[in-house]
Structure formats: C-alpha cells, structure tokens
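Structure first, then comments.
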Amino acid sequence: MRKNLLFISLMFLPFIVNAQNNSVLNNPQNLSQYRNNKGTTYTIKLTGTDQGSVWGGADGYYTDDSRIGKAVVHAGLLKIGQEGLVKVTILPGQPKYTGSTKNGITTNNYGSFLGSYKFESVSPDAGSQSTSIINNPQNLSQYRKNTGTTYTIKLTGTDQGSVWGGTDGFYTDDSRIGKAVVHAGLLKIGQEGLVKVTILPGQSKYTGSTKNGITTNNYGPFMGSYKFESVLPNAGSQSTSIIDNPQNLSQYRKNTGTTYTIKVTGTDQGSVWGGADGYYTDDSRIGKAVVHAGLLKVGQEGLVKVTILQGQPKYIGSTKNGITTNNYGSFLGSYKFEK
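Using my numbering, the first residue of the sequence shown is number 22, and each one after it goes up by one.
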C-alpha cells in the first residue's frame with residue numbers, strides 16, 4: 022500500500038524557473054517532490070535496480086512515486102547495477118497507469134494519480150549511441166561484440182597499465198583505457214573527464230608510439246579495438262571532459278574560446294571580481310561566481326558550461342543572489358557562464 026507520507030517531501034520542493042534544469046539530481050528514490058515542476062526536464066544520475074515498486078510504464082508514463090532506479094531498467098536505459106545519466110520530464114497525473122514486463126522488470130497497474138514522469142533518453146540498445154555512462158573501466162574487452170557502438174565513459178587519466186597501438190588511433194580493446202586516453206591527449210594524468218569511445222573490429226596490427234608522455238606497444242592481429250571520438254579539449258571550442266570543482270579557471274587562461282563543462286558546488290566563500298556584465302576575472306572563485314550568476318544556490322551541486330575569454334580592461338562588481346563581487350581594473354583572463 023502506498024504511504025501518504027510521501028507527500029511530506031513536497032515541503033523540500035526547490036524553486037525552478039525554467040523548463041530545463043542544468044543541475045544533476047543524484048540517485049533519488051522517486052520524483053514525487055518535483056511534482057509541481059510540470060514540464061521541467063531533469064538530468065538524473067541513477068543506478069539501475071530491481072528493488073522497489075513501480076506503477077505504469079507500458080506507455081512510457083510512470084507514477085512519480087515509482088522507484089526510478091527500477092523504472093529506468095524497465096525502460097531499457099540502464100541495466101541492474103549500471104550507473105548512468107538519464108533525462109526525465111515531470112508530467113501531470115494520468116487517469117490510469119498500465120504495467121508491463123520489460124527488460125526483466127514487472128511494473129503494476131494503477132488508476133488515476135497526482136503526478137507522472139517520462140524518460141527522454143533513448144535506450145542504449147536502440148541504436149549505435151549508448152546514453153549511459155560507463156564508470157572507469159580498466160579496458161573495453163567486455164564490449165567487444167558491440168561493434169560500432171559509441172559509449173560515453175567516465176575516466177581518470179593514468180600512466181599505469183599496458184596499452185597496445187594508438188599511433189593511428191586504434192587501440193586493442195584490452196588496453197588500459199585510462200592510460201590510452203592520456204596517450205590520445207584527451208586527459209592528463211590524474212584528470213577526470215567524460216570521453217566518447219567507439220567499439221571497432223580487430224585490426225591486423227597495432228603500432229605503438231610515444232605521445233603526451235605515454236609509450237604504447239606494438240602488437241600483431243587482435244580480436245577487438247576501440248577508438249576515441251572526443252576532440253582534444255585544447256584543440257577546439259568545446260571540451261568534452263568535466264572539470265571537477267576547481268577553485269578558479271586561471272590555469273585555463275591560454276584556452277581562449279574553449280567552453281568547459283564544470284562540476285561546481287555553490288558557495289559564499291572566496292573572492293570574486295566582476296560579473297555585473299557576465300565577465301569574471303579567471304582567478305575568481307567559481308563556486309561563488311556561479312551563485313552570483315544565479316545558476317546554483319549555496320550548497321547546490323550542478324554542471325555548468327563556462328567559456329574562457331580574454332582579459333577585459335575593467336571588471337564591475339555587483340550584488341546579486343546574495344553574493345557581492347568586487348570591482349577591478351584590467352586583468353589577464355576572464356570567464357563567462359553559458360546559460
């Protein structure tokens with residue numbers, strides 16, 4: 022039987038003003054607390070499970086108190102135990118919810134209910150592009166049969182392990198991927214980021230080389246390969262890696278025009294210069310600047326896009342969203358949030 026106490030969670034409902042929420046919700050049990058935000062699409066970090074109760078889903082509509090980690094498996098977006106990011110839209114209640122059995126999960130029928138949600142992501146099995154994120158695998162040999170599939174993979178660069186090939190972009194699928202990604206120039210040792218990798222057939226030979234401080238080995242024919250699809254962060258205008266909670270962006274000063282995705286936690290600590298016109302000095306505390314810009318609240322974690330810009334002749338401070346920033350003269354580098 023459902024617990025009416027679920028409605029108590031509504032008192033914690035955040036204030037949302039736009040149809041696309043740019044923060045990431047971390048493994049919620051359900052979405053009943055977001056019921057009032059109809060039409061808003063959230064990005065949610067989930068782990069697939071077979072636990073809990075789910076109502077509906079045969080037509081894509083689930084009651085908003087359905088266990089979302091189980092619903093995402095039913096929808097075919099994640100497997101049990103698999104972690105990934107999915108997009109979910111909050112919708113009005115439906116007159117009825119029809120259960121079904123899909124992907125090893127059985128959901129229940131239900132009558133009318135107050136709120137619903139629906140997944141917006143495409144199932145990984147529905148095409149050549151997987152929408153889930155693979156978390157720091159050692160290698161990709163287990164995905165050998167999925168030739169042509171492109172995966173988004175969360176990696177930390179390392180100089181440990183063995184790698185074969187890479188001179189022509191093709192690595193054996195048992196190569197340590199955290200080392201290969203450094204060799205390819207997409208991440209540095211110790212840097213964490215998201216990269217896209219395509220599973221490919223085995224090659225007749227693999228040629229090693231030394232690049233970015235990493236030496237890889239030669240090898241003959243092998244059963245499976247992979248190739249990175251990401252663009253080198255410093256080589257274009259869009260970085261594919263995620264920078265994790267930096268203090269500021271002064272170290273990226275030379276990458277003018279590059280837009281980074283940054284994981285930030287809002288804070289009221291530290292110093293910030295500028296922002297009245299959207300331009301902040303690149304040594305400004307970014308966690309405080311993001312609150313000033315109105316993208317996150319103090320203590321809220323989310324992903325934001327930030328572009329590295331040239332230094333400005335002056336920076337004008339202001340008070341917004343409870344944060345006061347400072348004036349400053351000319352400075353060497355700037356950044357601006359991309360809303």
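We put the CB at the ideal spot given by N, CA and C, even for glycine.
Note that the coordinates shown come from a computational prediction; the quantities given were computed from them, not determined experimentally.
Reducing DSSP to helix, strand and coil, say where residue i ends up.
i	result
Ser137	strand
Tyr300	coil
Lys309	helix
Gln54	helix
Ile126	strand
Gln272	helix
Gly257	Low confidence applies to Gly257: its pLDDT is 36, below 50, so where it sits in the model is not reliable, and the reading given next is rough at best. In this structure, Gly257 counts as coil in the three-state DSSP scheme.
Gln159	coil
Val45	strand
Asn293	According to the sequence displayed, residue 293 carries Val and not Asn. Note: Val293 maps to coil in three-state DSSP.
Val319	coil
Asp146	Bear in mind that the predicted position of Asp146 carries a pLDDT of just 36, short of 50, making it unreliable; the figure below should be weighed with that in mind. Three-state DSSP puts Asp146 in a helix.
Just mark residue i as buried or exposed, buried being the case when its beta carbon has 16 or more other beta carbons within 10 Å.
i	result
Gly214	buried
Asp354	The question names Asp, but residue 354 in the sequence shown is Gly. Burial call: buried.
Asn266	exposed
Asp80	exposed
Asp195	buried
Ser183	exposed
Asn276	buried
Gln163	exposed
Gln54	buried
Lys91	buried
Asn157	exposed
Asn269	buried
Ser225	exposed
Asn348	exposed
Gln333	buried
Gln115	buried
Thr237	buried
Met244	exposed
Pro254	Residue confidence is low: Pro254 scores 40 on pLDDT, short of 50, so the model does not pin down where it sits. Its coordinate-derived value is still stated next. The residue in question, Pro254, is buried, as its Cβ has 16 or more Cβ neighbours within 10 Å.
Asn51	buried
Thr346	buried
Ser133	exposed
Pick out whichever of the options has its Cα sitting closest to the Cα of residue i.
i	options	result
Glu250	Val202, Gly315 and Ile126	Val202
Thr171	Ser87, Ser196 and Val218	Val218
Leu222	Asp189, Thr277, Lys166 and Thr177	Looking at the sequence itself, residue 222 is Pro, so the reference to Leu does not match. With distances taken between Cα atoms, Pro222 lies closest to Lys166.
Gly241	Tyr227, Asn124 and Thr231	Tyr227
Ile264	Thr288, Val327, Lys275 and Lys360	Val327
Thr177	Gly278, Asp189 and Gln159	Gln159
Thr64	Val45, Gln268 and Thr168	Val45
Ser271	Val293, Tyr118 and Glu359	Val293
Ile111	Asp298, Thr61, Gln268 and Arg197	Thr61
Tyr118	Ser137, Lys357 and Gly245	Ser137
Asn58	Pro113, Asp189 and Ser230	Pro113
Thr231	Gly206, Leu324, Asn51 and Leu316	Gly206
Gln181	Thr188, Gly234 and Leu161	Gly234
Asn239	Gly229, Ser246 and Tyr247	Gly229
Arg56	Leu135, Thr128 and Gln50	Leu135
Ile329	Ser305, Lys309, Gly315 and Gly343	Ser305
Lys360	Val312, Gly343, Thr340 and Lys209	Val312
Glu141	Tyr300, Leu324, Val109 and Lys123	Val109
Ser121	Ala96, Gly132 and Ser133	Ala96
Gly295	Thr168, Ile344, Gly73 and Ile220	Ile344
Gly287	Lys335, Thr280, Tyr131 and Asn342	Asn342
Asp189	Lys175, His204, Gly199 and Gly73	His204
So the beta strand (DSSP E) residue i belongs to, where does it begin and stop?
i	result
Val184	That residue, Val184, is in no beta strand (DSSP E); it is neither H nor E in DSSP.
Glu250	Where Glu250 is concerned, there is no enclosing beta strand (DSSP E), given that its DSSP letter is neither H nor E.
Thr170	Counting along the chain, Thr170 falls outside any beta strand (DSSP E), and DSSP gives it neither H nor E.
Tyr281	Thr280 to Thr286
Asp220	Note that residue 220 is Ile in the sequence shown, not Asp. That run of the beta strand (DSSP E) goes Glu213 to Pro222.
Thr346	Segment: none, Thr346 is in no beta strand (DSSP E) and carries neither H nor E.
Thr110	Glu104 to Pro113
Gly350	Looking at the DSSP string, Gly350 is not in any beta strand (DSSP E), and its letter there is neither H nor E.
Where do the N-terminal and C-terminal ends of the alpha helix (DSSP H) with residue i fall, by residue?
i	result
Lys200	Ile198 to His204
Ordered list of beta strand (DSSP E) runs contained in the segment 52-91, each at least 3 residues: 62-68
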